[in-house]
Amino acid sequence: MAGLLCIVFGCAASGLSERLSVGGFTASGTPSARAEAWATRFGADRPELVLVLRPSRRALDSPAVQAAGRRITERLAAERGVSRARSYWTEADGALRSADGRSALVLADLSGSETDTARTAQRLVPRYTEHGSLFAVRATGPAWSLAQSTEQARTDLVRAELIAAPLTFAILALAFRSLAAALLPVVVGGLSAVGALAVLRVLTAVTDVSVFAVNLVGALGFGLAVDYALFIVARFREERARGLVPRAAAQASVATAGRTVAVSAGTVTAALAALLVFPFSFLRSMAYAGMAVVVLAALTAVVVLPAVLACWGPRVESLDPLARVRWAPPPTIGRDSPLWRAVARAVTRRPLWWGAACMLLLTVMVLPFGHGRLGLADERILPTGVEAHATADLVRREWGTPPEGTLAVVLPRADPDVDKAALDAYGRRLSALPGVRGAVTVTGRYVGGRRVGEARPQRALPDPRAHPRTPPPDRRGRGTVATVSMVPDPQSERAADLVHAVRGLPSPGPGHVAGWSAQVVDARDALTSRLPLAAALIVAGTMTVVFWFTRSVVIPLKVLAVAALSLTAALGGIVHVFQDGHLHWLVGDFTATGTLDMTIPLLLFSVAFGLSVDYELFLLSRIQEHYRATGNNTEAVVHGIARTGRLFTAAALAVAVAMGALASSGVLLLKELGFGLALAVVVDATAVRGVLVPAVMRLAGRANWWAPARTRSPRHRRPRGPQPLADPDTSAPASAPVGPGQPPAAPPPTPAQAPQQ
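Mind the numbering: the sequence shown is residues 1 to 757 in the numbering used here, read in order.
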C-alpha cells in the first residue's frame, strides 16, 4: 500500500519544477510595493536586467561602436518579455558610462512577475553575452540573479542529497546496529517527501511556491523521518525486550511513542503556520512545504512504520554492519546509556551550578544576535564567481551608484509645465538631504541644494498594456518623477534614515517613494508589526499542546523559555558567521554583506523551535511515565535522560547531517538555513536536553507536575503506592510475560522508600 501511495504521489508531483516561483523576498502590500507600480508606469523602476558592454578594440564613442550599441539596444527592446530597453547610446546619459570611459550599460525592463522576468533573463542572457568581435558582454540585475539562484539551488539540492544520504545512513546503521533498521527512516522520509512534493504541486495552482521549498522538503522531511523512526523503533525494541510479539510490540509503540509523534507533529506544524502571518510569499510557500512534510512524516511514522515493524519482526535486528569486529556487546538504542545516566546524576546533584554554567554558555552564544541587522537578499547570495554577482561588483566599482542605490519619487499629480517652480524647489531640497549624492527632476539636476545642469527629457509613459497591474494615469496632472542618487549602502541604517527623510519632505502633491532601500525599510516594518502576532500564535499553540500532553502548568512555561533561549543562541551563531563573516573554513566561501536576509531568521526559528519542542516532548514522555510510576521527580529525570540520551545523540547527528548538508550550498540563504538548523539541533540535543532541562526540572521538583485538580485527567493523576515500571532494565509489568532468559526482577521501590529530592 505504501509503495502504491509513493507511486501516486510521484505522479501527482510531476511537472512541479516548471511551476515553482522565484523571489518573494520583498513584502507585499507595503507603500514601497505600491510605489513600485507607479514607478513601473513612469519608467523609473529598477531595471530587471543590466548588460555591461565593453568594446574590444574601438572607443566607446566611435561611430561603429555607437551604431552597434544602438542596434543591440533596439534588438533587446524588441524581444518577447522586454517592455523597454535603454542604453548609453540611445539616452545620451553620461550616468550609463563607466568612470574609466571604456564600458557602458544597457538597461532592460522586463514584464511580468519575478518568475516571468527570471525566465526571460534565462532565455535572453546567453544570446547577448556571447563574445563577439566588437563587444564583451556581461549580465547582472535582479532577474538574472534570481535565474542563477534557482539553477544553483537545484544543483545544490542534488549535492546535498549525495552528501547527506550516505552519512546519515551510516549514522543510523551504527545507532541501530542493523542495516535493516537503518532503512526504516528512508521509508518514512521518502514517502513523506514525495507526498509533500505532490501537495506543493497542487498548491502551485492557487498560490506561488518557492523553488527553495523543494530544498526544505528534502532536508526537513528526512530529518523528521530520522527522529520519528528512531523514537518508534526504540520503543518497539523495548516492547520486544519485554517479551511481546512483533504485532503487539508495534501496537504498543504506536500507543506510546506514536502518540508523542502525533503531538510533536502538531507542535511543529503550529510553529510553521505562524509564518503565514508575514507578507512574504517566500515564507508562506516554505510554511506550506514544511507543514505538508511534517504531517506526512507523522502519518507515515504512525501508520506505515508499525506495519513494517510487525511484518519484519526479528528481521529488524538483522545485518549488523560491525558484528564481526565487535569485542563486546554493543550499546543499543532503546536501553539506558551509562554515560548519559552519569551526566544526569551529576546535574541533578548540583542543579544550580550546572544550570548556571549552561545558561552562561548559551548567553555567550546569544551575544552576537544583539547586533544582528536584517536586510533583503540580492545578487550577493550567489558565489562571487557567478556572473550575476561578479558583474554587479563591477558595476559598483565602475559606476559608484548601482541601480539599487537610487530612489524614485513618483509625483502623479504634479504637472511638469504648471509646477516648474515647485519642482525646482523640491529638487533643491532633495539634493540637500544628508546622504544624497544628487537629485534629478524635470527642471534640472541638483547637488548640495544647488541646480548644476539641465535635466534629461523625461521618458514617455509606457504602453499600459505592457504593465496591466500599474495604476491608471492621474487626471489632475501628467505626473513626473524625481530621482535621488544616494551615497550610503542601500541596506544600511543611513539609507533607511534617508528614505524616511524623503518621505517626510514636502512635495508637489502626493509622492510615492520607490527603490530598493524603500523596500528594505517597509519589509522591516512589516516584519516587526507582524512579529507579536506570530509569537502569540507560537506561544498559544505550544502552551496548549504541551499542557494537554503533560497536564502541567509549569512545564509548558519551561518548554517555551528553554526553547527560546537555545534558539536565540542559534541565531547568534548565524549572525557571528554570516553577518560578521567568520568561520569560512567551516561553511565555505560566501560574501558577508553585513546583514541577514530577514526571512531566514524567521524560517530558522520556526523550524528549529518545532524540532526543539519535538525533542522536549519525547524526553518529557519518558520522564512523566517514570514519575507516574514512582512519584520520585529526581529519579524520573535521571531515568528519562538515561533512556533517551543515546537516542537524542543519534537523532541529533543524523538531523544535523541532513540539515547541515544545505550549508554546502552556494546560495547564501540555504547555507544560513542549513548551518543554523544544524547548530540549533546539536545545541538543543546536548547542552539543553542533557544539562539545562534536567537542572531546571530538578530545581522545580514536584512543582513540575502541578496543575489545577479540575484539569487533570485520570490518566495523568499520579497513583498512590508503588506502580509497575514499563522498563526492561528494572522489571516487567505483571500483565506482560518476562522475556526468555530474563529472571524476575524485584518490585520497584515505593515513593516512601525511594530517595526524595
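Backbone N, C-alpha and C define an ideal beta-carbon position, used for all residues, glycine too.
None of the values given here were measured: they were computed from a predicted structure.
Cα-Cα separation, residue i to residue j
i	j	result
residue 25	residue 285	11 Å
residue 471	residue 168	Reliability of the predicted coordinates at residue 471 is poor, the pLDDT of 47 falling under 50, and no value is obtained from them.
residue 734	residue 572	A caution first: residue 734 carries a pLDDT of 36, below 50, which makes its placement in the model too unreliable to give a value.
residue 266	residue 378	35 Å
residue 562	residue 685	12 Å
residue 314	residue 152	44 Å
residue 268	residue 218	16 Å
residue 608	residue 679	10 Å
residue 407	residue 515	5 Å
residue 262	residue 550	14 Å
residue 85	residue 442	21 Å
residue 27	residue 279	5 Å
residue 192	residue 351	40 Å
residue 681	residue 611	7 Å
residue 802	residue 65	Residue numbering for the chain in the displayed model covers 1 to 757; residue 802 lies beyond these limits and cannot be assessed.
residue 518	residue 586	35 Å
residue 641	residue 294	25 Å
residue 145	residue 100	26 Å
residue 124	residue 49	10 Å
residue 260	residue 299	12 Å
residue 473	residue 412	Bear in mind that a pLDDT of 47 at residue 473, under 50, signals an unreliable position, so the number given afterwards is only what the model happens to contain. Between residue 473 and residue 412, the C-alpha separation is close to 8 Å.
Nonlocal neighbours in the same chain, by C-beta distance under 6 Å from residue i, ignoring five residues either side
i	result
residue 645	337, 340
residue 20	209, 211
residue 581	592
residue 115	21, 22
residue 147	118, 121, 122
Option in the options with minimal Cα separation from residue i
i	options	result
residue 668	575, 701, 648, 687	575
residue 526	30, 687, 23	30
residue 195	534, 254, 12	12
residue 708	630, 677, 620, 554	554
residue 89	98, 82, 289	98
residue 76	105, 55, 687	105
residue 676	695, 691, 655	655
residue 368	577, 673, 258, 706	577
residue 346	421, 698, 386	698
residue 533	113, 271, 135	271
residue 425	559, 450, 417, 412	450
residue 41	481, 672, 568	481
Per-residue burial, residue i [other beta carbons within 10 Å of its own, 16 or more giving buried]
i	result
residue 661	buried
residue 384	exposed
residue 528	exposed
residue 74	exposed
residue 364	exposed
residue 18	exposed
residue 71	exposed
residue 508	buried
residue 415	buried
residue 177	buried
residue 127	exposed
residue 570	buried
residue 670	buried
residue 202	exposed
Neighbourhood of residue i by C-beta distance below 8 Å, restricted to the same chain and skipping five residues each side
i	result
residue 488	435, 494, 495, 498
residue 213	20, 200, 285, 286, 288, 289
residue 454	444, 445
residue 282	23, 24, 25, 210, 212, 599
Contact test: residue i Cβ vs the ligand ATP heavy atom, cutoff 7 Å
i	result
residue 603	This structure does not include the ligand ATP; it has no bound ligands of any sort.
7 Å CB neighbourhood of residue i in its chain, flanking five on each side removed
i	result
residue 448	431, 432
residue 557	none
residue 739	Confidence at residue 739 is low in this model, with a pLDDT of 37, below 50, so its placement is unreliable and the value that follows should be read with caution. Once the five neighbours on either side are set aside, the close Cβ partners of residue 739 are 241, 242, 243.
residue 198	9, 12, 13
residue 229	184, 185, 188, 301, 305
residue 103	52, 53, 54, 398
residue 657	164, 167, 168, 171
residue 256	235
is_contact[residue i, chain B] using C-beta, thresh 8 Å
i	result
residue 233	Structure shown: chain B not included; a single protein chain is present.
Distance between beta carbons of residue j and residue i, contact taken as under 8 Å
i	j	result
residue 375	residue 597	6 Å
residue 483	residue 440	5 Å
residue 344	residue 140	That pair is no contact at about 56 Å.
residue 512	residue 410	4 Å
residue 69	residue 53	6 Å
residue 138	residue 129	6 Å
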